[in-house]
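Plus 321 on top of the position in the sequence shown (first one is 1) and you've got this note's numbering.
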Amino acid sequence: RTLPEFLKRWTDALEPRLKLSPLAAFWYTEIGPLNQAIHVWPYENTLERSKIRAEAVKRGIWPPKTSELIAEMRSEIFEPLPYSPPLAPSNQGPYFEMRSYVLKPGSIPSMAQRWGEYLPGRIKLSPLTGVFTSDIGGLNQWMHIWAYKSLDERIAVRKKATADGIWPPPGDSPVLKQETKILLAAPFSPIK
(Lines of atoms letter the chains of each structure in order from A; the text may use other names.)
(Lines give C-alpha, C1' and ligand atoms only; values in the text may rest on other atoms or scores of the structure.)
Protein backbone atom coordinates (compact mmCIF):
# COMPACT_ATOMS: atom_id res chain seq x y z
CA ARG A 322 0.00 0.00 0.00
CA THR A 323 2.74 2.46 0.82
CA LEU A 324 5.11 1.68 -2.06
CA PRO A 325 3.21 3.76 -4.67
CA GLU A 326 3.16 6.75 -2.31
CA PHE A 327 6.83 6.24 -1.47
CA LEU A 328 7.74 6.22 -5.18
CA LYS A 329 5.62 9.32 -5.82
CA ARG A 330 7.37 11.28 -3.09
CA TRP A 331 10.75 10.18 -4.40
CA THR A 332 9.79 11.27 -7.91
CA ASP A 333 8.69 14.67 -6.61
CA ALA A 334 11.95 15.24 -4.68
CA LEU A 335 14.48 13.68 -7.05
CA GLU A 336 15.21 16.41 -9.62
CA PRO A 337 16.97 18.86 -7.24
CA ARG A 338 18.92 16.00 -5.67
CA LEU A 339 20.21 14.84 -9.05
CA LYS A 340 21.92 18.21 -9.50
CA LEU A 341 24.33 17.18 -6.73
CA SER A 342 25.13 13.64 -7.91
CA PRO A 343 23.65 10.94 -10.15
CA LEU A 344 21.38 8.12 -9.09
CA ALA A 345 22.56 4.80 -10.55
CA ALA A 346 19.49 2.70 -9.77
CA PHE A 347 16.32 2.53 -7.75
CA TRP A 348 14.72 -0.87 -7.35
CA TYR A 349 12.01 -2.33 -5.17
CA THR A 350 11.47 -5.92 -4.17
CA GLU A 351 9.00 -8.03 -6.10
CA ILE A 352 10.03 -11.38 -4.59
CA GLY A 353 11.89 -11.82 -1.31
CA PRO A 354 11.57 -9.45 1.65
CA LEU A 355 8.67 -7.33 0.44
CA ASN A 356 8.31 -3.55 0.37
CA GLN A 357 12.03 -2.85 0.28
CA ALA A 358 13.35 0.09 -1.70
CA ILE A 359 16.97 -0.10 -2.81
CA HIS A 360 18.64 3.03 -4.11
CA VAL A 361 22.17 3.03 -5.46
CA TRP A 362 24.24 6.22 -5.48
CA PRO A 363 27.78 5.97 -6.88
CA TYR A 364 30.47 8.07 -5.20
CA GLU A 365 34.22 8.34 -5.70
CA ASN A 366 34.79 7.82 -1.97
CA THR A 367 33.17 8.25 1.44
CA LEU A 368 34.32 11.87 1.71
CA GLU A 369 32.47 12.81 -1.49
CA ARG A 370 29.41 10.95 -0.20
CA SER A 371 29.47 12.85 3.10
CA LYS A 372 29.88 16.24 1.40
CA ILE A 373 27.05 15.66 -1.07
CA ARG A 374 24.68 14.33 1.58
CA ALA A 375 25.45 17.29 3.86
CA GLU A 376 24.84 19.75 1.02
CA ALA A 377 21.50 18.11 0.17
CA VAL A 378 20.37 18.41 3.80
CA LYS A 379 21.65 21.99 4.03
CA ARG A 380 19.62 22.96 0.94
CA GLY A 381 16.56 21.23 2.37
CA ILE A 382 16.11 19.12 -0.75
CA TRP A 383 16.84 15.69 0.71
CA PRO A 384 15.79 13.22 1.97
CA PRO A 385 12.27 12.97 0.55
CA LYS A 386 9.48 13.35 3.10
CA THR A 387 8.87 9.62 3.54
CA SER A 388 9.70 8.95 7.20
CA GLU A 389 6.19 7.84 8.19
CA LEU A 390 6.25 5.28 5.35
CA ILE A 391 9.51 3.64 6.47
CA ALA A 392 9.69 0.77 8.96
CA GLU A 393 13.46 0.21 8.79
CA MET A 394 16.46 1.74 7.04
CA ARG A 395 19.92 0.38 6.35
CA SER A 396 22.87 2.02 4.65
CA GLU A 397 25.63 -0.10 3.17
CA ILE A 398 28.63 0.83 1.08
CA PHE A 399 29.92 -1.64 -1.49
CA GLU A 400 32.97 -1.53 -3.73
CA PRO A 401 32.79 -2.93 -7.27
CA LEU A 402 35.20 -5.68 -8.20
CA PRO A 403 37.62 -4.81 -11.03
CA TYR A 404 35.59 -6.80 -13.57
CA SER A 405 32.21 -5.36 -12.53
CA PRO A 406 30.57 -3.38 -15.33
CA PRO A 407 30.05 0.33 -14.68
CA LEU A 408 26.70 1.36 -13.22
CA ALA A 409 25.48 3.09 -16.37
CA PRO A 410 21.91 3.71 -17.55
CA SER A 411 20.52 0.65 -19.32
CA ASN A 412 17.35 -1.20 -20.23
CA GLN A 413 18.54 -4.73 -19.49
CA GLY A 414 15.68 -5.68 -17.14
CA PRO A 415 12.94 -5.26 -16.12
CA TYR A 416 13.76 -8.05 -13.66
CA PHE A 417 16.91 -7.94 -11.55
CA GLU A 418 18.15 -10.69 -9.29
CA MET A 419 20.19 -9.43 -6.35
CA ARG A 420 22.12 -12.25 -4.72
CA SER A 421 23.86 -11.44 -1.44
CA TYR A 422 26.27 -13.76 0.34
CA VAL A 423 28.11 -13.71 3.62
CA LEU A 424 31.47 -15.39 3.01
CA LYS A 425 33.93 -17.11 5.31
CA PRO A 426 36.41 -14.53 6.62
CA GLY A 427 39.45 -14.23 4.36
CA SER A 428 37.81 -15.89 1.35
CA ILE A 429 37.04 -12.83 -0.80
CA PRO A 430 40.37 -12.90 -2.73
CA SER A 431 39.99 -16.55 -3.80
CA MET A 432 36.31 -16.04 -4.67
CA ALA A 433 37.21 -12.98 -6.74
CA GLN A 434 39.84 -14.95 -8.64
CA ARG A 435 37.48 -17.85 -9.44
CA TRP A 436 34.74 -15.46 -10.50
CA GLY A 437 37.15 -13.58 -12.75
CA GLU A 438 37.95 -16.83 -14.54
CA TYR A 439 34.36 -18.03 -15.02
CA LEU A 440 32.43 -14.78 -15.38
CA PRO A 441 32.99 -14.32 -19.15
CA GLY A 442 31.07 -17.53 -19.85
CA ARG A 443 28.25 -16.62 -17.49
CA ILE A 444 27.85 -13.10 -18.93
CA LYS A 445 27.14 -14.64 -22.34
CA LEU A 446 23.87 -15.98 -20.89
CA SER A 447 22.52 -12.80 -19.27
CA PRO A 448 23.85 -9.33 -18.42
CA LEU A 449 25.68 -8.72 -15.17
CA THR A 450 24.60 -5.41 -13.64
CA GLY A 451 27.35 -5.52 -11.03
CA VAL A 452 29.38 -7.53 -8.55
CA PHE A 453 30.51 -5.96 -5.29
CA THR A 454 32.06 -6.59 -1.89
CA SER A 455 31.12 -4.79 1.30
CA ASP A 456 33.19 -1.88 2.55
CA ILE A 457 30.95 -0.41 5.24
CA GLY A 458 28.15 -2.40 6.84
CA GLY A 459 28.22 -6.15 7.32
CA LEU A 460 31.65 -7.68 6.78
CA ASN A 461 32.61 -10.33 4.22
CA GLN A 462 29.60 -9.62 2.01
CA TRP A 463 29.52 -10.42 -1.69
CA MET A 464 26.68 -9.12 -3.86
CA HIS A 465 25.94 -9.70 -7.53
CA ILE A 466 23.05 -8.39 -9.60
CA TRP A 467 21.85 -9.96 -12.85
CA ALA A 468 19.33 -8.58 -15.36
CA TYR A 469 16.60 -10.63 -17.03
CA LYS A 470 13.79 -9.89 -19.47
CA SER A 471 11.45 -12.27 -17.62
CA LEU A 472 11.37 -14.67 -14.71
CA ASP A 473 11.16 -17.52 -17.23
CA GLU A 474 14.43 -16.29 -18.76
CA ARG A 475 16.03 -16.34 -15.30
CA ILE A 476 15.01 -19.98 -14.80
CA ALA A 477 16.26 -20.98 -18.26
CA VAL A 478 19.60 -19.17 -17.87
CA ARG A 479 20.30 -20.66 -14.45
CA LYS A 480 19.39 -24.15 -15.70
CA LYS A 481 21.64 -23.83 -18.77
CA ALA A 482 24.54 -22.38 -16.77
CA THR A 483 24.46 -25.32 -14.37
CA ALA A 484 23.87 -28.00 -17.03
CA ASP A 485 26.72 -26.69 -19.22
CA GLY A 486 29.14 -26.33 -16.28
CA ILE A 487 29.40 -22.58 -16.86
CA TRP A 488 28.18 -21.47 -13.45
CA PRO A 489 28.66 -21.45 -10.52
CA PRO A 490 32.46 -21.51 -10.52
CA PRO A 491 33.80 -24.87 -9.30
CA GLY A 492 35.60 -25.37 -6.01
CA ASP A 493 34.77 -25.23 -2.35
CA SER A 494 32.10 -22.68 -1.60
CA PRO A 495 33.00 -20.05 0.99
CA VAL A 496 29.33 -19.03 1.29
CA LEU A 497 27.98 -19.13 4.84
CA LYS A 498 24.66 -17.40 4.19
CA GLN A 499 22.81 -16.33 1.07
CA GLU A 500 19.77 -14.26 0.18
CA THR A 501 18.09 -13.63 -3.15
CA LYS A 502 15.73 -10.81 -4.07
CA ILE A 503 13.91 -10.26 -7.32
CA LEU A 504 13.73 -6.54 -8.01
CA LEU A 505 11.85 -4.25 -10.37
CA ALA A 506 13.05 -0.79 -11.35
CA ALA A 507 11.17 2.34 -10.41
CA PRO A 508 10.10 4.43 -13.43
CA PHE A 509 12.82 7.01 -12.67
CA SER A 510 15.63 4.46 -12.26
CA PRO A 511 18.48 4.93 -14.77
CA ILE A 512 19.09 1.17 -14.73
CA LYS A 513 15.89 -0.52 -15.88
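All C-beta atoms in this analysis are idealised placements derived from N, C-alpha and C, irrespective of residue type, glycine included.
Predicted model, so just to flag it, every value in this text is computed and none were measured.
Rounded to whole angstroms, the separation of the alpha carbons of S405 and L328 is 28 Å. Taking P343 as reference, the option from A358, G414, E369 and E326 with the minimal CA-CA separation is E369.
Rounded to the nearest whole angstrom, the C-alpha separation of V496 and I429 is 10 Å. CA-CA distance, D456 to Y364, rounds to 13 Å.
For Y416, the pairing in a beta bridge is given by DSSP as Y469 and L505.
Taking a cut-off of 8 Å on C-beta distances, the segment 461–474 does not touch the segment 372–389, as fewer than three cross pairs fall below it. Taking a cut-off of 8 Å for Cβ pairs, the segment 435–445 and the segment 482–493 touch, as three or more such pairs fall below it. Less than 8 Å divides the Cβ of S447 from the Cβ of Y469. Of all alpha-carbon atoms in M432, R475, W331 and R330, the one lying nearest the alpha-carbon of T454 is that of M432. Remark: C-beta atoms of P337 and I382 approach each other more closely than 8 Å. In terms of Cβ geometry, P511 and A358 do not form a close pair [threshold 8 Å]. In the three-state scheme derived from DSSP, where H, G and I count as helix and E and B as strand, T323 is classed as coil.
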